[in-house]
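Everything on this sheet refers to the single structure shown next.
Numbering (this note's numbering), first residue to last: 174 to 336.
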């Protein structure tokens with residue numbers, strides 16, 4: 174697969190994530206902050222989101238398993254998750270958090286537990302989709318680098334060693 178094909182695949186796949194509602198314009202804004210000085214910016218931010226999200230989901234699950242549920246504590250975790258998902262443009266995850274917070278306000282145990290399951294599902298889908306997106310992006314970079322090396326060699330040069 175050449176670079177052009179990978180770039181088209183990347184564009185098409187990214188567009189599908191927007192069409193399907195996984196991502197919103199905030200993800201585009203995040204990508205605009207990435208430049209040649211920090212080429213892994215989006216990957217790093219999203220990786221931090223994944224790390225934090227696992228903890229938050231576990232905290233929500235533990236809080237909802239208590240004999241007496243502290244809905245204020247659950248809501249605080251959901252609020253934090255909503256904020257972090259909004260900051261990376263995770264549209265569907267954010268929307269589940271909005272509904273989840275409503276159930277926390279109503280102190281609905283069943284509603285909160287259903288939302289937690291839906292949140293886990295949406296989060297899992299998002300994580301899988303973004304991991305695929307980053308794999309395509311990384312493969313694109315590797316191919317571009319290999320082509321650059323081929324061009325250097327074809328011009329009679331040698332590949333410089335990076336220390």
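Note that CB positions come from ideal geometry on N, CA and C, so glycine has one too. Predicted model only: the values in this text are computed from it and were never measured.
Asked                                                                                                                                         : Found
Pop quiz: residue 270 and residue 292 are said to be a contact at Cβ under 8 Å. What is the actual Cβ separation, rounded to whole angstroms? : 7 Å
What three-state label does DSSP hand residue 211 in the structure shown?                                                                     : strand
On a Cα-Cα basis, can you pick out the residue from 308, 274, 302 that is closest to residue 250?                                             : 274
Ends of the alpha helix (DSSP H) at residue 261?                                                                                              : 244 to 261
Return the CA-CA distance between residue 288 and residue 282, expressed in angstroms with no decimal places.                                 : 10 Å
In angstroms with no decimal places, state the Cα-to-Cα distance between residue 246 and residue 264.                                         : 23 Å
What's the gap between the Cα of residue 189 and the Cα of residue 280?                                                                       : 36 Å
Would a C-beta distance cut-off of 9 Å place residue 257 and residue 199 closer than the cut-off?                                             : no
Quick check on DSSP: helix, strand or coil for residue 299?                                                                                   : helix
I need the straight-line Cα distance from residue 298 to residue 178, nearest angstrom please.                                                : 25 Å
Where does residue 206 sit, in a helix, a strand or coil, going by DSSP?                                                                      : coil
State the Cα-Cα distance for the pair residue 187 and residue 241, rounded to the nearest angstrom.                                           : 43 Å
With C-beta atoms as the reference, is residue 243 less than 9 Å away from residue 234?                                                       : no
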